[in-house]
Each structure stands twice: as C-alpha cells, then as structure tokens.
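The numbering of the sequence shown is this note's numbering, which starts it at 78 and goes up by one.
This report refers to the structure that appears directly beneath it.
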Amino acid sequence: MATASPPFTSTRETTNYARLCRLLVDVGTQVLRSTFDKIHPPATLQTVLGSTSVHYAKLQSLYKGKKKVLNPTQWGKLYPSHSAVSSATFDVTLLTVLLRSICGLSPPANGWDHLPLAENMSIADDIARVKYYRNTVYGHASQASVDDSSFSACWQEIREALVRLGGAHFRAKIDNLEHR
Numbered sequence: 078m079a080t081a082s083p084p085f086t087s088t089r090e091t092t093n094y095a096r097l098c099r100l101l102v103d104v105g106t107q108v109l110r111s112t113f114d115k116i117h118p119p120a121t122l123q124t125v126l127g128s129t130s131v132h133y134a135k136l137q138s139l140y141k142g143k144k145k146v147l148n149p150t151q152w153g154k155l156y157p158s159h160s161a162v163s164s165a166t167f168d169v170t171l172l173t174v175l176l177r178s179i180c181g182l183s184p185p186a187n188g189w190d191h192l193p194l195a196e197n198m199s200i201a202d203d204i205a206r207v208k209y210y211r212n213t214v215y216g217h218a219s220q221a222s223v224d225d226s227s228f229s230a231c232w233q234e235i236r237e238a239l240v241r242l243g244g245a246h247f248r249a250k251i252d253n254l255e256h257r
C-alpha cells in the first residue's frame, strides 16, 4: 500500500505564496506607513485625527456608518484610550483606508477597488495595486499556493509599486526577500 504525502507539506508553490504574503504584509505595511507618514507626519498625527479635526467626522462615518468600513479594533488604533496614536500600530488594511479617505489623494482612474492599468503609476494607483494584491493573494485566497509564473508576475508588479511608493531603498529588501 502506498502512503500518501502529508496534506500540509511545503512545496515550491506554498513557498511562493508565503513569500508573496511576506512581501505584502512586511514590506507593504512599511511602505504604506511611510507614504502615510509623509502626508500626515507622526508628530502631528494626534492633531490630524483629533475630535475637532475635519478628518474625525469622516473617520467616524466610516466606523459608524452603513458600510462600517472601520471595525472596533481599527477604531481603537486610531483613538487609543491609554496612549498616543501612532501609525506604527496600523496594518495594511487600516493604512489603505486612511490613505484613500483622509490624505487628499485623487482616486485611481479604475477606482480604489480594481487593479489599475499597467501604465497608470500615480501614488493612488500604486496604493490600489497593493490593496488589490493583498486581497487577491491572501485576503480572499482559496489555497496557500502560487505557481512559478503567477509568482513572478505578481512579485514584479508588487515590487515595482512598492519601490515607486517607498523609494529605491526598498528594492534591496524586496530582492532579498524574494530569494530567502
């Protein structure tokens, strides 16, 4: 009787998936945070988000409105009860919501929820790319596996968007992560 291989063994495809997730979570978060911090520097973030700011009403509507874009955990990161607010606690999803709602960026031509055309390379387009791939790769994934050709295509597009957003110094980090 032949023995079946264990159901959760690592393969080249699962390693590809893990690398893409690390690229999006680890590097993607750093790059989106850096982009956000350039628009709303950490030193003024408390004021920017304060209850008397123009942004507070917008964020409150995203929290309490019909769509409930912000959840209680995210709200708690924006308005912590026992510490100062810090973008260092924001994840990819929260940073994306903030970048598109309180940073004065014009939406991409295809909207925030669609993959921009390759020739569209504005800050907003690259934020939409990161969001799209975050959702495609792990937010709505049906399996933790990516074949080599899909991996290469995704990696290249995500890498270029992150380097445009974050700067050339991210290229070495990304290239190192690709082969680790």
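Using N, Cα and C, we set each Cβ at its ideal position, and we do this for glycine too.
Counting only residues of its own chain and dropping the five nearest sequence neighbours on each side, Y140 has a CB closer than 6 Å to the CB of L147 and W152. Per the Cβ contact rule, the segment 202-210 is in contact with the segment 104-114 (3 or more Cβ pairs under 8 Å). In this structure L122 is not in contact with V174, their Cβ atoms being roughly 15 Å apart against a cut-off of 8 Å. In the structure shown, the three-state DSSP call for Q220 is coil. In the three-state reduction of the DSSP assignment, T86 falls in the coil class, being assigned neither a helical nor a strand state. In the displayed model, W152 falls within a helix according to three-state DSSP. Under the three-state reduction of DSSP output, C180 falls in the coil class, being neither helix nor strand.
Inter-residue distance for L97 and A134 is about 36 Å (C-alpha atoms, whole angstroms). Around W189, the same chain offers R177 and A205 as residues with beta carbons nearer than 6 Å, after the five sequence neighbours per side are excluded. Its chain contains L192 as the residues whose beta carbon lies nearer than 6 Å to that of Y209, once the 5 sequence neighbours on both sides are disregarded; these appear in chain order.
Judged by DSSP in its simplified three-state form, N187 adopts coil rather than helix or strand.
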